[in-house]
């Protein structure tokens, strides 16, 4: 591929950690990559076709060792033997089967994984886990992923990256808790707009559709009054356990 290759940065990033890494990688590959924010339902409903001479940089957060449980996550993206760089961003525990699952989803849509990386962001359930990530070293590693992917694409017979993980994937789990609003809610709609899976109704934003909810806590982060939160003994116990187990900072890994 030449230096004028068209690069598109696509990400599902409810709380912003994944998008920051994807942008660093994509910008290391091209000066002005196009962006597709798959966090937004209206964007996922659009269609985008990619040719064999383009490159997609695609990142998702890791939930319970898997790709987020979003039915239309990449259904609007169609490749034509298009190279894809994959990023899995996790809260300092493990990516488990997320990269192989994401690679399989992309293969079914016409993409070939040229390279991949796993990166660390603050954990959804605790501000004490992954604090300060991404740091400058993380961002430089994301840029390195982009540069090395472009170098690999210059080889006419490049082979897909070997990725960690298992097939069948680990069983997808769903936490028994989820965020809801208190009486102090002012019905501003910030949580409705932040929710990536439309689990909050504008007519009754205090409540959450537990079946749709990803437990990403984007609504909690977006609430300007602090009215939305996850409460209860189950959440507190989970958070405390994670804080005890995940004290040692992990580092990014690249796969080429």
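Numbering (the working numbering), first residue to last: 765 to 1020. The C-beta atom is built at its ideal place from N, Cα and C for all residues, glycine as well.
- Mind reading off the beta-carbon distance from residue 785 to residue 883? Whole number of angstroms is fine, and I expect it under 8 Å. Translated into the one-based positions of the chain shown, residue 785 becomes position 21. Translated into the one-based positions of the chain shown, residue 883 becomes position 119. Contact flag correct, Cβ pair sits at about 5 Å.
- Going along the chain, which residues of its own chain have a beta-carbon closer than 8 Å to the beta-carbon of residue 931, five neighbours each way excluded? Position 167 of the chain shown, counted from the start, is the residue given in the question as residue 931. Taken in chain order, the residues that qualify are 861, 864 and 868.
- Task: With distances taken Cα to Cα, identify the nearest neighbour of residue 945 among 810, 964 and 834.
- Result: On the chain shown, residue 945 is found 181 positions in, with the first residue counted as 1. Checking every option, the nearest Cα to that of residue 945 belongs to 964.
- Item | Collapsed DSSP secondary structure at residue 889 in the structure displayed | For the purposes of this step, residue 889 is taken as residue 125 along the chain shown, with counting starting at 1. Three-state result, residue 889: coil.
- With DSSP run on the structure shown, which of helix, strand or coil describes residue 1009? Indexing the chain shown from 1 puts residue 1009 at position 245. Residue state, collapsed to three classes: helix.
- Around the Cβ of residue 972, are there at least 16 other Cβ atoms within 10 angstroms (buried) or fewer (exposed)? Taking the chain shown and counting its residues from 1, the one referred to as residue 972 is at position 208. By the neighbour-count rule (16 or more Cβ atoms within 10 Å), residue 972 is buried.
- Query: Taking just the CA atoms, how far does residue 994 sit from residue 942?
  - Reply: Position 178 of the chain shown, counted from the first residue, corresponds to residue 942. Position 230 of the chain shown, counted from the first residue, corresponds to residue 994. CA-to-CA, the gap between residue 942 and residue 994 works out to about 6 Å.
- Is there contact here, the stretch 998-1006 with the stretch 904-919, by at least three beta-carbon pairs under 8 Å? With the cut-off at 8 Å, the stretch 998-1006 and the stretch 904-919 do not touch.
- Task: Output the boundary residues of the alpha helix (DSSP H) element that contains residue 868.
- Result: Within the chain shown, numbered from 1, the residue matching residue 868 stands at position 104. In the DSSP assignment, residue 868 falls within the unbroken alpha helix (DSSP H) covering 862-871.
- Would you please verify whether the beta carbon of residue 1019 is less than 7 Å from any beta carbon of chain B? Checking the listed chains, one finds no chain B in this structure; it contains a single protein chain.
- Query: Assuming residue 776 and residue 960 make a contact with CB atoms under 8 Å, what is their CB distance in whole Å?
  - Reply: The residue labelled residue 776 in the question sits at position 12 within the chain shown. The residue labelled residue 960 in the question sits at position 196 within the chain shown. With 8 Å as the limit, residue 776 and residue 960 qualify as a contact, their Cβ atoms being about 7 Å apart.
- Ordered along the chain, which non-local residues of its own chain (more than five positions away) have a Cβ less than 8 Å from that of residue 989? As a first step, residue 989 must be located in the chain shown, where it is residue number 225. Taken in chain order, the residues that qualify are 948, 949, 950 and 952.
- Among 850, 826 and 1009, which one has its Cα closest to the Cα of residue 888? As a working mapping, residue 888 is identified with position 124 in the chain shown. Closest option to residue 888, Cα to Cα, is 826.
- Message: If you reduce the DSSP assignment to three classes, tell me which class residue 805 lands in.
- Response: Translated into the one-based positions of the chain shown, residue 805 becomes position 41. In the three-state DSSP reduction, residue 805 falls in the helix class (H, G or I).
- For the beta strand (DSSP E) that residue 851 lies in, which residues bound it at each end? Reading the chain shown from its first residue, position 87 is the one you call residue 851. Its beta strand (DSSP E) spans residues 846-854.
- Pair within 7 Å by beta-carbon distance, residue 1018 and residue 823: Here residue 1018 is taken as the residue at index 254 of the chain shown, counted from 1. Here residue 823 is taken as the residue at index 59 of the chain shown, counted from 1. With contacts defined as CB atoms closer than 7 Å, residue 1018 and residue 823 fail to qualify as a contacting pair.
- Message: For residue 922, which residues in the same chain have their Cβ closer than 6 Å to its Cβ, ignoring the five residues on either side in sequence?
- Response: In the chain shown, residue 922 corresponds to position 158, counting from 1. Within the same chain, residue 922 has close Cβ partners 916.
- Query: Buried or exposed: residue 788, going by 16 or more other Cβ atoms within 10 Å of its Cβ?
  - Reply: Locating residue 788 in the chain shown gives position 24, counting from the first residue. Looking at its Cβ environment, which holds 16 or more other Cβ atoms inside 10 Å, residue 788 is buried.
- Own chain, CB closer than 8 Å to residue 879, minus 5 neighbours either side, in chain order: Taking the first residue of the chain shown as 1, we reach residue 879 at position 115. Only 849, 850, 909, 912, 913, 916, 925, 1018, 1019 and 1020 meet the Cβ criterion.
- Query: DSSP puts residue 799 in a beta bridge; with which residues?
  - Reply: Mapped onto the chain shown, residue 799 falls at position 35. 773.
- Expressed to the nearest angstrom, what Euclidean distance is found between the alpha-carbon atoms of residue 794 and residue 816? To locate residue 794, count along the chain shown from 1; it is residue 30. To locate residue 816, count along the chain shown from 1; it is residue 52. Going from the Cα of residue 794 to the Cα of residue 816 covers about 16 Å.
- Task: Along the beta strand (DSSP E) that carries residue 881, what are the first and last residues, could you check?
- Result: Along the chain shown, one-based indexing puts residue 881 at 117. Looking at the DSSP string, the run of the beta strand (DSSP E) that includes residue 881 is 875-884.
- Message: Just to confirm my understanding: we take residue 807, look at its own chain, exclude 5 residues before and 5 after, and list those with CB closer than 7 Å. What are they?
- Response: Mapped onto the chain shown, residue 807 falls at position 43. For residue 807, where only same-chain residues beyond five positions count, the Cβ hits under 7 Å are 800 and 801.
- Task: Please state whether DSSP places residue 819 in a helix, a strand or coil.
- Result: As a first step, residue 819 is located in the chain shown; it is residue number 55 there, counting from the start. Residue 819 falls in the strand class under three-state DSSP.
- Take the Cβ of residue 891 as the centre, count every other Cβ of all protein chains shown within 10 Å, and call the residue buried at 16 or more, exposed below. In the chain shown, the residue the question calls residue 891 occupies position 127. That one is exposed.
- Message: Cutting at 8 Å between CB atoms, please list the residues of its own chain near residue 927, excluding the five before and the five after it.
- Response: Within the chain shown, numbered from 1, the residue matching residue 927 stands at position 163. Counting only Cβ-Cβ distances below 8 Å, and skipping sequence neighbours, we find 850, 863, 864, 867, 877, 880 and 1019.
- Task: Would you mind working out which of 831, 782 and 841 sits nearest residue 810, comparing C-alpha positions?
- Result: Residue 810 sits at position 46 when you count from the first residue of the chain shown. Minimum Cα distance to residue 810 is reached at 841.
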